[in-house]
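Participant: Per the numbering used here, the sequence shown starts with residue 11, numbered consecutively. One structure, as structure tokens, below. Some questions next.
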Amino acid sequence: MQRRATFFYGWFIVMANFLILFSLHGVIINTFGVFFKPVSESMGWSRATFAGALGIGALAMALGAPFVGKMLDKIGASKTMLVGALLCGAGMGLLGGATQLSHFYALFAIVGLGLSASTSIPVSLVIANWFERKRGLAMGLSFTGTSLGGMIMNPVNTYLIQAFGWRESYVILGVAMILVTVPLILLIIRTRPSDMNLLPDGNEPAQRATEPIAGQTLQEAFRTPTFWFIAGNMFLINFMANSVGEHGVPYLTDIGHSEMAASIAIGLSMGFMTLGKLGSGLSADRWGARPTFVASCIMTAAGIGVLMFASNWWMLWLFAFIYGFPQGGPLTLTPLVVANCHGLAHFGPIFGVMTLFSILGAAIGPIIVGRMYDVSSSYQSAFLLLIVITLAGSYCIHKARAPQR
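Below is the structure:
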């Protein structure tokens with residue numbers, strides 16, 4: 011009888027995905043806010059105009075998502091993620107030489123395509139393939155990279171900008187992304203355990219479940235209300251999350267906090283988000299992904315309410331916890347809900363199309379919030395809108411049910 015391995019290779023997969031998400035999503039998306047004032051003031055742009063750069067990137071992510079799902083089916087995760095990581099690093103580095111708005115928009119489009127191919131879609135597929143019993147924990151550990159990246163790199167990027175300037179900071183980050191992610195992808199990432207003659211969870215052949223998890227095709231998923239409830243949730247939650255992420259630092263500096271204090275507060279919220287991802291993964295394994303998701307949305311809405319009154323230090327730290335901890339839920343739990351409701355057989359294409367809605371919300375939200383600020387010179391009405399949107403997202407995920415068999 012074949013001896014059981016002492017350490018399951020899937021945990022190396024988790025470690026690599028953590029570092030990839032830290033270096034790409036964590037830096038590009040979760041530290042965008044610290045570049046807001048330096049770039050917009052240097053270039054003479056409004057906040058809505060600069061927010062449009064990330065919006066263009068998000069739109070590129072959305073348009074690329076269905077093709078990423080097909081690429082994963084055809085060439086596997088490693089090659090797909092390699093292309094994406096190279097696009098991210100090159101695009102970020104070239105931002106340092108951008109002199110016109112069109113340059114920013116074009117380069118963020120390239121970065122957006124890279125993010126689509128290298129972050130949440132392939133990572134979710136790979137983790138779902140490698141784990142069954144501890145899928146929630148593995149997903150949570152992997153996606154802590156996005157928030158931990160934001161927590162650490164917000165103050166780091168603020169320091170880089172103050173020490174070297176925003177142009178040089180973009181170049182440094184672009185080079186670092188390639189140096190970190192490319193070796194991890196080439197040496198560690200594998201699409202499924204069968205690529206290494208292994209089984210999910212490190213099982214031996216006799217331990218393998220006799221019936222595979224049923225999976226709907228993309229066309230079958232389209233015809234279910236559950237697909238549209240999940241897609242609606244992804245749109246709404248990312249509308250909210252990207253809006254807070256991009257406008258949080260400018261808002262906090264507007265109400266009297268220093269740029270470093272604001273970036274530390276947003277970074278600290280992402281640190282709590284890291285704990286929330288672990289907690290939501292464990293909770294999903296024990297009580298289910300959907301109830302955990304609903305609770306996280308309700309708590310997040312409360313956190314935005316605290317942000318509206320965070321004019322002193324203790325309210326600032328209270329916001330970091332009440333908003334940050336439950337925000338760990340969506341990235342971890344969305345792939346779990348999709349896998350539970352639609353199966354794994356065609357997870358890549360289904361999740362890829364759903365990501366269209368996620369990224370569309372991420373693209374539109376910051377622009378609308380920026381426009382609301384430009385019109386009123388205040389974020390209060392925009393934050394009230396974000397609270398309503400978050401609660402609507404909670405309702406959507408409550409209505410998402412696995413099909414009856």
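Quick reminder that beta carbons are idealized off the backbone N, C-alpha and C, glycines included. Since we're looking at a predicted model, the values are computed, not measured.
For the pair the stretch 119 to 127 and the stretch 90 to 101, tell me if three or more CB-CB distances fall below 8 Å.
Facilitator: With the cut-off at 8 Å, the stretch 119 to 127 and the stretch 90 to 101 touch.
Participant: CB G101 to CB L117, shorter than 7 Å?
Facilitator: Going by C-beta atoms, G101 is nearer than 7 Å to L117.
Participant: Excluding the 5 residues flanking S52 on each side, which residues of the same chain have their C-beta closer than 8 Å to its C-beta?
Facilitator: For S52, where only same-chain residues beyond five positions count, the Cβ hits under 8 Å are W176.
Participant: Using only the alpha-carbon positions, how far apart do M250 and K89 sit?
Facilitator: Cα to Cα, the separation comes out at about 32 Å.
Participant: Considering Cα atoms alone, identify which of F18, L228, V398 is closest to L246.
Facilitator: The residue with the shortest Cα to Cα distance from L246 is V398.
Participant: Cα-Cα, which of S388, L366, G289 is closest to K144?
Facilitator: The shortest C-alpha separation from K144 is found at G289.
Participant: If you draw a straight line from the alpha carbon of A231 to that of S179, how long is it in whole angstroms?
Facilitator: Roughly 43 Å between the two C-alpha positions.
Participant: According to the Cβ coordinates, are T234 and H356 closer than 7 Å?
Facilitator: Going by C-beta atoms, T234 is not nearer than 7 Å to H356.
Participant: How about L147 and L346: do their beta carbons lie closer than 7 Å?
Facilitator: Contact flag unset, no.
Participant: Of the choices I85, W297, L341, whose alpha-carbon is the least far from that of K287?
Facilitator: Per the Cα distances, L341.
Participant: Which residue's Cα is closest to the Cα of S266: L278, W238, L395, F319?
Facilitator: Checking the sequence, you will find Gly at residue 266 rather than Ser. When only C-alpha atoms are compared, the closest one is F319.
Participant: Between the beta-carbon of I199 and the beta-carbon of A349, is there less than 7 Å?
Facilitator: No, Cβ-Cβ distance for I199 and A349 is not below 7 Å.
Participant: Would you give the residue range spanned by the alpha helix (DSSP H) that I377 belongs to?
Facilitator: I377 -> alpha helix (DSSP H) spans 357 to 386.
Participant: If the criterion is Cβ atoms closer than 7 Å, does the pair A372 and N243 meet it?
Facilitator: Against a cut-off of 7 Å, the Cβ pair of N243 and A372 comes out as no contact.
Participant: Does DSSP put N207 in a helix, a strand or coil?
Facilitator: The answer is coil: DSSP assigns N207 none of H, G, I, E or B.
Participant: Using the Cα positions of L262 and S268, report the straight-line distance between them to the nearest angstrom.
Facilitator: Spanning the two alpha carbons is a distance of roughly 8 Å.
Participant: Within 10 Å of its beta-carbon, does G107 have 16 or more other beta-carbons around it, so buried, or fewer, so exposed?
Facilitator: Exposed.
Participant: Would you kindly work out how many angstroms separate the C-alpha atoms of A219 and L73, rounded to a whole number?
Facilitator: The predicted model places A219 with a pLDDT of 48, which falls under 50 and marks its position as unreliable; any figure quoted below should be read in that light. If I take the Cα positions, the gap works out to 37 Å.
Participant: If we count Cβ pairs, one from each stretch, closer than 8 Å, do we get three or more for the stretch 184 to 201 versus the stretch 327 to 343?
Facilitator: Taking 8 Å as the limit for Cβ pairs, the verdict is that the stretch 327 to 343 does not touch the stretch 184 to 201.
Participant: Using the Cβ count rule (16 or more neighbours within 10 Å means buried), how would you classify F206?
Facilitator: Per the sequence shown, residue 206 should be read as Met rather than Phe. Looking at its Cβ environment, which holds fewer than 16 other Cβ atoms inside 10 Å, M206 is exposed.
Participant: I need the DSSP call for Q229, collapsed to helix, strand or coil.
Facilitator: Three-state DSSP puts Q229 in a helix.
Participant: Can you find the residues in the same chain that come closer than 6 Å, C-beta to C-beta, to H352, ignoring five residues on each side of it along the sequence?
Facilitator: Within the same chain, H352 has close Cβ partners Q226, A231, I360.
Participant: In three-state terms, what does DSSP make of A219?
Facilitator: Here A219 scores only 48 on pLDDT, less than 50, and its place in the model is too uncertain to base an answer on.
Participant: Name the two residues that bound the continuous alpha helix (DSSP H) containing F393.
Facilitator: F393 -> alpha helix (DSSP H) spans 390 to 409.
Participant: Determine contact between the stretch 61 to 68 and the stretch 390 to 397, defined as no fewer than three beta-carbon pairs at a distance below 8 Å.
Facilitator: Contact between the stretch 61 to 68 and the stretch 390 to 397 is absent, because fewer than three Cβ pairs lie under 8 Å.
Participant: Should W297 go down as buried or exposed, given a rule of 16 or more other Cβ atoms within 10 Å for buried?
Facilitator: Exposed: under 16 other Cβ atoms inside 10 Å.
Participant: Give every residue of the same chain whose Cβ lies closer than 6 Å to the Cβ of V363, excluding the five residues on either side of it in the sequence, and list them in chain order.
Facilitator: Closer than 6 Å at Cβ, skipping near neighbours: P76.
Participant: What do you get for L278, buried or exposed, if any count of 16 or more other CB atoms within 10 angstroms of its CB means buried?
Facilitator: L278 is buried by the Cβ-count criterion.
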